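Trainee:
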Amino acid sequence: MSARLVAAGTAAGQQPWSRPAPAQEQPWWRSAVVYQVYLRSFADGNGDGIGDLAGLRARLPYLSWLGVDALWINPHYPSGGADGGYDVVDYRAVDPEYGDVSDVEALVADARQLGLRVVLDVVPNHTSDRHPWFQAALADPDAPEASRYHFAPPSEEPPNNWRSLFGGPAWSRTPDGRWYLHLFAPEQPDLNWRDPVVAEDFERTLRFWLDRGVSGFRVDVAYGLYKDPELRDNPGSYSPTLFGHGPEQAMTWNQPEVHDVWRRWRSVCDEYPDTMLVGEVCLADLDEVALYSRPDELHQSLSFRLLKSRWETPAFAEAIGSALDAFGRVGAPVSWVLGNHDKDRMVSRFGGSETGLARARAAALLLLSLPGSAYVYAGDELGLPQAHVPDEAKQDPIFFRSGGERAGRDGCRVPMPWNATAGVGFSPAGAAKPWLPVPAEWRRHAVSRQTRDSGSVLHLYREALAVRAEHPALGTGEATVSTRGDVLTVRCTGQGRTVRCVVNMGTDTAWVRSRGEVLLESGPGVHTSAGSVALPPDTAVWIAED
Ligand code: GLC
Ligand code: CA
323 MSARLVAAGT
333 AAGQQPWSRP
343 APAQEQPWWR
353 SAVVYQVYLR
363 SFADGNGDGI
373 GDLAGLRARL
383 PYLSWLGVDA
393 LWINPHYPSG
403 GADGGYDVVD
413 YRAVDPEYGD
423 VSDVEALVAD
433 ARQLGLRVVL
443 DVVPNHTSDR
453 HPWFQAALAD
463 PDAPEASRYH
473 FAPPSEEPPN
483 NWRSLFGGPA
493 WSRTPDGRWY
503 LHLFAPEQPD
513 LNWRDPVVAE
523 DFERTLRFWL
533 DRGVSGFRVD
543 VAYGLYKDPE
553 LRDNPGSYSP
563 TLFGHGPEQA
573 MTWNQPEVHD
583 VWRRWRSVCD
593 EYPDTMLVGE
603 VCLADLDEVA
613 LYSRPDELHQ
623 SLSFRLLKSR
633 WETPAFAEAI
643 GSALDAFGRV
653 GAPVSWVLGN
663 HDKDRMVSRF
673 GGSETGLARA
683 RAAALLLLSL
693 PGSAYVYAGD
703 ELGLPQAHVP
713 DEAKQDPIFF
723 RSGGERAGRD
733 GCRVPMPWNA
743 TAGVGFSPAG
753 AAKPWLPVPA
763 EWRRHAVSRQ
773 TRDSGSVLHL
783 YREALAVRAE
793 HPALGTGEAT
803 VSTRGDVLTV
813 RCTGQGRTVR
823 CVVNMGTDTA
833 WVRSRGEVLL
843 ESGPGVHTSA
853 GSVALPPDTA
863 VWIAED
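Count along the sequence shown starting at 1, add 322, and that's the number in our numbering.
1) For residue 602, verify whether its CB is less than 7 Å away from any heavy atom of ligand 1.
2) Name, in chain order, the residues that DSSP records as bridge partners for residue 605.
3) Would you say residue 353 and residue 650 are within 8 Å of each other, going by their C-beta atoms?
4) Excluding the 5 residues flanking residue 866 on each side, which residues of the same chain have their C-beta closer than 6 Å to its C-beta?
5) Determine, using beta carbons only, whether residue 658 and residue 625 come nearer to each other than 8 Å.
6) Should residue 755 be labelled buried (16 or more other beta-carbon atoms within 10 Å of its own) or exposed?
7) Specify which residues have a beta carbon nearer than 6 Å to any heavy atom of ligand 2, listing them in chain order.
8) Which of the three DSSP states, helix, strand or coil, is assigned to residue 416?
9) According to DSSP, is residue 512 helix, strand or coil?
10) Measure how close the beta-carbons of residue 395 and residue 443 come, nearest whole angstrom, since I'm counting them as under 8 Å.
11) Would you give the residue range spanned by the alpha helix (DSSP H) that residue 432 belongs to?
12) Please indicate yes or no: does the CB of residue 951 lie closer than 7 Å to some heavy atom of ligand 1?
13) Use the C-beta contact count for residue 829: other C-beta atoms within 10 angstroms, 16 or more gives buried, fewer gives exposed.
14) Taking only the alpha-carbon atoms, compute the straight-line gap between residue 523 and residue 593 and give it to the nearest angstrom.
15) Measure the alpha-carbon distance for residue 440 versus residue 844 and round it to whole angstroms.
16) Buried or exposed, going by whether 16 or more other CB atoms sit within 10 Å of the CB of residue 453?
17) Along the chain, where does the alpha helix (DSSP H) containing residue 671 start, and where does it finish?
18) Verify whether the separation of the beta carbon atoms of residue 855 and residue 836 is less than 8 Å.
19) For the segment 486-552, which segments carrying the beta strand (DSSP E) assignment without a break, of at least 3 residues, lie completely within its bounds, in sequence order?
20) At what residues does the beta strand (DSSP E) containing residue 271 begin and finish?
21) Taking the alpha carbon of residue 635 as the reference point, which residue from 405, 387, 825 and 709 has its own alpha carbon closest?
22) To the nearest angstrom, how far is the alpha carbon of residue 446 from that of residue 566?
23) Report whether the distance from the Cβ of residue 406 to the nearest heavy atom of ligand 1 is below 7 Å.
24) Any heavy atom of ligand 1 closer than 7 Å to the beta-carbon of residue 506?
25) Tell me whether residue 453, by its Cβ, gets closer than 7 Å to a heavy atom of ligand 1.
26) Which residue from 868, 491 and 515 puts its Cα closest to that of residue 468?
27) Run the CB neighbour count on residue 723, radius 10 Å, all protein chains shown included, and call it buried at 16 or more, exposed below.
28) Taking contact to mean 3 or more Cβ pairs, one atom from each stretch, closer than 8 Å, check whether the segment 759-773 and the segment 679-697 are in contact.
29) For ligand 1, I want to know if residue 523 counts as a neighbour, meaning its beta carbon is within less than 7 Å of at least one of the ligand's heavy atoms.
30) Report the option in 365, 425 and 784 whose CA atom is closest to the CA atom of residue 690.
31) Tell me which same chain residues have a C-beta within less than 6 Å of the C-beta of residue 861, skipping the five on either side of it?
32) Straight-line CA distance for residue 314 to residue 479?
33) Give a single yes or no on whether residue 445 has its beta carbon closer than 7 Å to a heavy atom of ligand 1.
Here's what the structure looks like:
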């Protein structure tokens, strides 16, 4: 029953959810499949080459057809444009490029009619340098707004050794010589959460959007916000470590005070039925990540281990088992992620071309079998590879701040191919060029083509979502993970039924003993004979046990 929505908790004047479920069912977010919409690249409604709310609204029937439960939209706020919208100028408005507040309301209303929930992105660690607070603080060091950021008096050297995650020092100078802190780009000054006005203002923002019917927020950099009060040096230097930040970054991340913020935000959400908070918590220690999802804090924290795992059974088994254990200890569901707007597309991560695609298809079945919620990044359901974006078209500050050493994230942010025309149907006919160039060969990945092809990756996702919705063992319930050589098995049980997801990560066909029914396979060549299922390399199956 994972894909069902719980019974209406509707604001006045709104229609109930179209897919109500029995009241005793667990909260919707615990097992939701959340589709991540990179707004700028999803669908352009007005022809300026930039995705927008009207474009997204027009494509909602596609998401409903696909069968997801909710969408999370990357930031839609007025922005300085320095980091794909993560430099917010006004948290209670909409960037004119995307529409206006009434478009968000219309989106929420249309989505509701289709049984889809809308989750927004909120960015509390930093604002844009064009935010009125920062502007006031720049103009006058004694303005009350100055204490809402981290400023330090003029000096030869920056106050400490902190580094920006995008490269270079985390301190820049103001025109009058002061230092200010930015753990990301210089256009993203970090807020000082020890100033109570900051906390008050964000609670206003949450209510502003919750009052408009949104179902919650994805919380950007939820492991940030507070810094060491004495601004002491970090013990180690930053490197994009495999699983997130650890003790080497102890002064900039994961300060104990941040948990109180999530407790307050949780109590705000508790005033609005069926809403949720999902945090981005990039910490190496999964037990620390799970603490953010204790029962009175964020409802969930995204689990990025799968996203960072190599295509081999020990890595995947460890990623799954450790997340189940860590989140299980705090009673939170795991929120599984295989792709997002910050990482290379999985088809490419898994080796590219046909092999990468076969693995990505198998990984989709794995993702959608696991207990908890699943986050599907727009375009992954089309099997999009990482796009080649020429340097002159790049936009990501990571590329520029690393002097071109790091490729940046543009390649996973290229607009969606909707049809097989030259412009791939991203914009209306005769529109401006898309904001990032779409590779010509992407026409073959177009939604219009894949909807006509029952063997497409798009159909695989759709079927998997439908099967998941029918089988309580998938998405809800419990799971154990095991490996045998190159074969990974996740045994999922729910309401007395068991479904096994078996993935062959090796190079030879594997034989899986089973008397059950094969519910779905990720690729061709799966067949059953004499109580065994033949599983070709880079293929997954769901088997319902008798
Ligand atoms: C998060 C976002 C990323 C952004 C950063 C700074 O990691 O996912 O896209 O650049 O925060 O806001
Ligand atoms: Ca547009």
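Backbone N, C-alpha and C fix where the C-beta goes; we use that ideal spot for every residue, glycine too. What you are looking at is a predicted structure, and each value in this text was computed from that prediction instead of being measured.
Mentor: Looking at the atomic coordinates:
1) yes
2) 567
3) no
4) 821, 838, 839 and 841
5) yes
6) exposed
7) 366, 367, 368, 370, 372 and 374
8) coil
9) strand
10) 6 Å
11) 423-435
12) Summary: the structure shown does not reach residue 951, with the chain confined to residues 323 through 868, and so no result is reported for it.
13) exposed
14) 17 Å
15) 29 Å
16) buried
17) 668-671
18) yes
19) 493-495, 501-503 and 538-541
20) Beyond the ends of the chain as shown, which are 323 and 868, falls residue 271; an answer cannot be given.
21) 825
22) 19 Å
23) yes
24) yes
25) no
26) 515
27) buried
28) no
29) no
30) 784
31) 684, 826, 844 and 845
32) Given a span of 323 to 868 for the chain in the structure shown, any question on residue 314 remains unanswerable.
33) yes
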